[in-house]
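Chains as they are written, first to last, in my numbering: chain A, 1 to 279; chain B, 280 to 597.
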């Protein structure tokens, strides 16, 4: 597996698409999640209506709310970027036919895919570290510009928040990777993954979350479980607009871990057994 | 490069039926001797690429077995001793040729010091720093061969290595293949180009509709298909035909465009000429015609029985 790991590391590092995805995630996080929110809430429009005053709401981007704000922002754009990252890493091998070039070298199929999995785990870990660092730095700069005061979350909370972020990134990356192997097409893997995320999870789950019967099914979806985990990191003020979660943090974490294992095992099984090339 | 004893490739009843129902390879028994250049010849869609994919471990056979470079296809033991370029040379377009070889070397567990020698061997050193996506077909093919050579394999499998090359590139690739056999290396070369096989291979296996229809040296195949024939141009045609029919069996005589093609020993040429002239027939041309490999190929592939499900498509290189 070490051979595969070394090869994957070179491929991942030199692929511009990966760096572009990473850049998009950081830009979206800092500009949309922090700067824009702060600017709007610092100078709220006249017709701004909220049960919580804007001067309180803007504390969302300050260090005291680092974890909940970061998780909230990365739950959609982060998930989408991770699905694309995972999908590209596997589906491209079929699109470029490089799967066959790799598989006629020495390592077995399991070693090849395990190498890819480990690299993706490292990449998601590094992205999570940078996301946390960038969020912390931006929130510090904003509270300094604002001239107010804020406090940092405890080390325990930081660790838990970081673990949740990495777990969610890993689940969505594994989902994309699985789709890439199942569909053997970059367009189908990314299209299918994003459609599921934005239509299945974001739209249907929101619309049908109070429908009896459907609600039980929704409790098993990865996005709903990730939202349950994220909601456990509450804001320092009560967000009256927040929706009630369908699952608690413990169940959410366990379900996400199960999804991570299932996507990984399914990807391995398909990759090991299926023919490469031919019809 | 370790030398193998006996056969570098041996298959027994190897078959592949795709999920679509297409029987691409049907009961194939192939034997490639160690140290030879073996030409795997067949028309497009005959089952060549499917066979090579099975030998490389990319496809699982539906039935039958194979031993490749001393191991089961796709096993680490087999893959360590073989290098292959199956179908299209497939590399990462965003990486340079050299970086692509670095990736392949890492997967293969080969030291990166092997990269420069193989680049020199395929004459790609000057362009190795350019991105793969900028390469011409010829450069892609050469990089494919370089990647196959990284392991310094005892068995080299090349699928249509001159596909898409211009005449100059074809000649260069042919010369390269001749060089590659040095040191006792076995080369299994698939092609649908007869001239290429005739010029580079020690032995040839002809596959048609998924079945191996003939195997041997080029000369053996020619001989098996009737070998040489005698061409006679004579007038009047009717009179010449009557006379020849009295001398030979009907199956030995064919007439094409006013020329008789006689399946006889060329040593009989003088006797036949004397009889025709003695009977008042004017003989304007009489010569021995060696059957070309193309004739043999067409004869063999057209005669091949059609399997229960047509073996068209099947992932074959077109």
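Ideal Cβ positions, reconstructed from N, Cα and C, are used throughout, including at glycine.
- Judged by DSSP in its simplified three-state form, residue 460 of chain B adopts coil rather than helix or strand.
- Residues of the region 16-32 of chain A with a C-beta atom less than 7 Å from some C-beta of chain B are 16, listed in chain order.
- For residue 512 of chain B, there is no enclosing alpha helix (DSSP H); the enclosing beta strand (DSSP E) covers residues 508-514.
- In the DSSP assignment, no residue is bridged to residue 233 of chain A.
- For residue 209 of chain A, no CB of chain B lies under 8 Å from its own CB, so it is not counted at the interface with that chain.
- Within chain A, no C-beta atom comes nearer than 9 Å to that of residue 344 of chain B; the closest sits roughly 17 Å away.
- When only Cα atoms are considered, residue 288 of chain B and residue 350 of chain B end up about 9 Å apart.
- Taking the C-beta atoms as reference points, residue 176 of chain A is found nearer than 8 Å to residue 86 of chain A.
- Put simply, the backbone Cα of residue 444 of chain B is about 6 Å away from that of residue 417 of chain B.
- Secondary structure note for residue 160 of chain A: it is in no beta strand (DSSP E), and the uninterrupted alpha helix (DSSP H) holding it is 155-183.
- Residue 409 of chain B places its beta carbon less than 8 Å from that of residue 376 of chain B.
- Around residue 38 of chain A, the same chain offers 58, 61 and 142 as residues with beta carbons nearer than 7 Å, after the five sequence neighbours per side are excluded.
- Scanning its chain for C-beta atoms nearer than 6 Å, with the 5 sequence neighbours on each side dropped, one finds around residue 151 of chain A the residues 64, in chain order.
- Across the structure, residue 51 of chain A and residue 249 of chain A are spaced so that their CA atoms are roughly 26 Å apart.
- With 16 or more neighbouring CB atoms inside 10 Å of its own CB, residue 113 of chain A falls in the buried class.
- Remark: three or more beta-carbon pairs, one from each stretch, lie closer than 8 Å, so the region 414-433 of chain B and the region 384-399 of chain B are flagged as touching.
- Against chain A, the CB of residue 464 of chain B has no partner CB under 8 Å away; the residue lies outside that interface.
- Around the beta-carbon of residue 483 of chain B, 16 or more other beta-carbon atoms lie within 10 Å, marking it buried.
- Look at residue 245 of chain A: its C-beta is not under 8 Å from any C-beta on chain B.
- Residue 87 of chain A is outside the set of residues whose beta carbon lies under 8 Å from a beta carbon in chain B.
- For residue 32 of chain A, no beta strand (DSSP E) run applies, since DSSP gives it neither H nor E.
- With at least 16 other beta carbons inside 10 angstroms of its own, residue 102 of chain A counts as buried.
- Interface with chain A (8 Å Cβ-Cβ cutoff): residue 428 of chain B is excluded.
- Secondary structure of residue 561 of chain B (DSSP, three-state): strand.
- The residue among B/438, B/508 and B/556 with its C-alpha nearest the C-alpha of residue 476 of chain B is B/438.
- Comparing alpha carbon positions, the residue from B/527, B/524 and B/371 closest to residue 99 of chain A is B/371.
- Going by beta carbons, residue 429 of chain B and residue 343 of chain B fall outside the 8 Å limit.
- Listed by position along chain A, the residues whose Cβ is nearer than 7 Å to that of residue 370 of chain B are 98 and 101.
- A direct Cα-to-Cα measurement between residue 153 of chain A and residue 170 of chain A gives close to 24 Å.
- Here residue 272 of chain A has 109 and 110 as same chain residues with Cβ atoms under 7 Å from its own Cβ, once five neighbours each way along the sequence are excluded.
- Residue-level contact check: residue 290 of chain B does not touch chain A, since none of the beta carbons of chain A fall below 8 Å from its beta carbon.
- Three or more beta-carbon pairs separated by less than 8 Å are not found between the region 319-328 of chain B and the region 248-268 of chain A, which leaves the two stretches without contact.
- Listed as beta-bridge partners of residue 532 of chain B by DSSP are B/541.
- The region 353-430 of chain B contains, as complete alpha helix (DSSP H) runs of 4+ residues, the segments 355-360, 376-387, 394-400 and 416-428 (chain order).
- For residue 95 of chain A, the enclosing alpha helix (DSSP H) begins and ends at 77-95.
- Where residue 347 of chain B is concerned, the enclosing beta strand (DSSP E) starts and stops at 342-347.
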